[in-house]
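Quick notes on the structure that follows.
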Amino acid sequence: MAVRSIDKGEKAASPLRKAHPSAKIDVLALDMLNYDSVRSFAERVEQLPRVDVVILNAGYWEMGSWHIEPSTGHETTVQVNYISTALLAILLLPVMKRSSQASQRPGRLSIISSGLAMAAKFENANEVPLIPSFDRLGAFSVGAGQERYSTTKAMVCMLVYKLSQFITADEVIVNAVDPGFTKGTALLRGAKGLMKIGVAAANATARTIDQGTWCYIDGIATKGKESHGSYLTNWRVNPFPSLMYTPSGKQTTERLWEETLQELDFAGVRSVMKSLS
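Residues in the sequence shown are numbered from 2 upward in steps of one, following this note's numbering.
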């Protein structure tokens with residue numbers, strides 16, 4: 002288990018250990034706002050004897066505020082939901098590929114997206130350079146937390162599409178999973194005023210944590226090679242956000258990927274991707 006707070010992680014792991022005494026459950030620190038933490042976590046994972054399944058479900062929704070993470074210089078929603086997620090996925094793929102070669106079965110990497118990706122306006126999609134444009138307050142208003150979140154989850158779909166071009170479904174099945182709106186999580190803990198009322202109303206028809214979890218399980222266990230490089234929602238393979246199929250959207254996908262490699266060059270991601278072929 003990867004957690005920001007070891008204490009909270011141990012509390013979550015405790016009932017799991019009691020329910021499954023023969024299982025070995027480790028709790029490792031991971032701060033998605035800190036590149037050193039992401040790299041350190043990946044190095045710890047690399048020491049494991051095998052890595053068959055990875056679920057990257059870090060999600061951040063900043064409501065009514067806007068912040069730049071000092072250590073990276075990027076807006077926090079984009080940093081957590083996309084940039085650090087991309088770094089972690091890239092660093093873990095070689096480890097997963099080695100495990101799949103040893104087991105003769107494909108690994109499973111699911112990155113959590115959202116149905117809101119389908120509604121993302123991505124108003125700065127044509128900005129050049131693209132990633133730095135998210136760090137200007139003018140790109141999104143302070144109160145545009147939902148649009149920032151939606152856009153980053155569309156970017157996750159672009160990431161999954163690109164990763165699938167570097168590794169085959171026989172090695173690691175990579176997909177994006179939408180668990181649906183799920184109540185009982187801390188994602189919308191910053192809701193206030195009318196937004197808080199709206200969240201309460203949405204909870205009436207929201208999925209339970211168990212139901213959302215089954216979407217994760219579907220992505221990493223039920224779905225097979227047909228889901229490689231795809232987006233899963235409601236337990237089915239579905240199209241990516243429509244903007245990805247337009248000429249400009251395809252250009253945005255390629256530009257985002259190239260800028261991602263540039264941003265993460267300090268971690269040697271280009272050589273990592275080359276090693277997969």
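For glycine and all other residues, C-beta sits at the position ideal for the given N, C-alpha and C. Values in this document were obtained by computation on a predicted structure and should not be read as measured data.
- In this structure, the CA atom of P248 is about 22 Å from the CA atom of F167.
- In the three-state reduction of the DSSP assignment, N82 falls in the helix class, which pools H, G and I.
- Per DSSP, the continuous beta strand (DSSP E) segment holding V178 begins and ends at V173 to D179.
- Here W236 is exposed. Its C-beta has fewer than 16 other C-beta atoms within 10 Å.
- Each of K275, A59 and R45 was checked against the Cα of Y217, and the nearest Cα belongs to A59.
- With 16 or more other CB atoms across the displayed protein chains lying within 10 angstroms of its CB, I84 is buried.
- Here D211 is exposed, its C-beta having fewer than 16 other C-beta atoms within 10 Å.
- In the structure shown, G213 adopts helical secondary structure according to DSSP, grouped into three states.
- The Cβ neighbour count for V96, taken over all protein chains shown within 10 Å, is at least 16; the residue is labelled buried.
- Around the CB of I132, 16 or more other CB atoms lie within 10 Å, so the residue is classed as buried.
- DSSP lists V178 and V238 as the beta-bridge partner residues of L233.
- Look at the segment 53 to 123 and you find these whole runs of beta strand (DSSP E), each 3 residues long or longer: 54 to 57 and 108 to 113.
- C-alpha of I112 to C-alpha of V175: approximately 8 Å in a straight line.
- The C-beta separation of S114 from A177 comes to about 4 Å, placing the pair in contact by the 8 Å criterion.
- Contact check for A87 against L34 fails: the beta carbons are separated by 8 Å or more.
- Listed as beta-bridge partners of V4 by DSSP are A30.
- The C-beta distance from Y150 to T77 rounds to 11 Å, too long to meet the 8 Å contact threshold.
- Judged by DSSP secondary structure, E148 falls within the alpha helix (DSSP H) whose first and last residues are G146 to L164.
- Within 10 angstroms of the beta-carbon of N239 lie fewer than 16 other beta-carbons, which makes it exposed.
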